[in-house]
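Heads up, the sequence shown is in my numbering, so the first residue is 688 and it goes up one at a time. Backbone N, C-alpha and C define an ideal beta-carbon position, used for all residues, glycine too. Below: one structure, written as structure tokens.
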Amino acid sequence: MTDQEPEQRTDLTVVEKAAVLMEALPYVRKFRGSTFVVKYGGSCLEDPDPEVRSRVAGDVTFLNSIGIRVVVVHGGGKAISRELAKRNVEPVFLDGLRVTDAQTLEVVRDTLDSEVNRDLCERVESRHGLAQGISGAEALRCIRMPGREDLGFVGQIIDVQTDPINAALDAGLVPVISSLASGEDGQIYNTNADTAAARVAVSLAARRLVYLSDVPGLLSDPEDADTLISTLRAAEVEALKQSGVITKGMRPKVDSAVEALADGVKRVHFVDGRLAHSLLLEIFTDEGIGTEIVH
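Quick look at the structure:
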């Protein structure tokens, strides 16, 4: 023994981690057994840093491991456009929707189900999770987009077959669903992934719907990342659209969010999926990190 005082540990990082765990605990208890739907797409999905996708997969695996039933719905627009370019096919868009002729549809199917879906499943499994890839054609039912024959094989989702999704969830797996859909005529259609995620969330009575993208959330000044809107009521959305706060690129997501809220989803979140553990920080902390829309 010496008269010297023992050195006091001042590792604030450890203390902060403990504080985060304590803050998260009530949310973990609250959400255990609930269903969350995570829409993963956009530039976030295409980030050149593969660790971005791996971190998201790790967050999804963590949620699953603590008893939250997590469903991932994905698009893959940039991957589709890359594959079309390899085949010397120029992509065509009308009103933000991809014109999908027979040749384009073949590329969409191959890219979403064989490339993007498989990659996401493998990343979940690399983080010691269990995932099951599900083609949207097996779970999503649609009609051809009404009044838009000019879009080709683009569908509007009218129903979700929840049996294959619930079977995966009941087995402790993470269903990873592509944004394809099948029509009553047996034809496969390309659909909007934001809408697909919202319809899945409604059909599963999800407690949370989270859109992961490459923006911090909704900004009161779209040019200033420091103007994040933390909480927004659905009734306030239309005014923000009219004022230009909700820009054209965000409108399909926000419209899908409002529809999901009207149909029973409790809260919808918009989060920057490129930030480390943004999904967990949004769900398990008091302040969150993105924008939540409530009814």
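- A residue is called buried once 16 or more other Cβ atoms fall within 10 Å of its Cβ, and Ile875 is buried on that count.
- Taking the Cα of Pro735 as reference, the smallest distance to any Cα among Ala855, Lys765, Val795 and Pro903 is reached at Lys765.
- Collapsing the DSSP output to three states places Gly764 in a helix.
- Under the rule that a run must span 3 or more residues, the beta strand (DSSP E) segments found entirely inside the segment 864-919 read 867-870, 875-877 and 895-900.
- In the DSSP assignment, Leu860 falls outside any alpha helix (DSSP H) and carries neither an H nor an E.
- The C-beta distance from Thr914 to Phe840 rounds to 40 angstroms, too long to meet the 8 angstroms contact threshold.
- For Glu738, the enclosing alpha helix (DSSP H) covers residues Pro737 to Ser752.
- Of the candidates Val702, Glu710, Gln929 and Val724, the residue whose Cα lies closest to the Cα of His956 is Val724.
- Between Ser752 and the set Ser865, Val941, Ala706 and Ala858, the nearest pair of CA atoms involves Ala858.
- Along the length of the segment 790-838, whole alpha helix (DSSP H) runs at least 4 residues long occupy 804-813 and 823-826, reported in chain order.
- In chain order, Gly904, His956, Phe957, Val958 and Glu969 place their CB closer than 6 angstroms to the CB of Gly977, counting only its own chain and leaving out the 5 sequence neighbours on each side.
- The alpha-carbon of Met709 is positioned some 12 angstroms away from that of Arg716.
- Check the Cα spacing between Val747 and each of Leu967, Pro778 and Val779: the tightest is with Leu967.
- Closest in C-alpha terms to Gly745, from the list His982, Asp973, Thr972 and Leu962, comes Leu962.
- By the C-beta density criterion, Glu777 is exposed, having fewer than 16 other C-beta atoms within 10 angstroms.
- Within the same chain, and ignoring the five residues on either side of Val779 in sequence, the residues whose Cβ sits closer than 6 angstroms to its Cβ are Val786.
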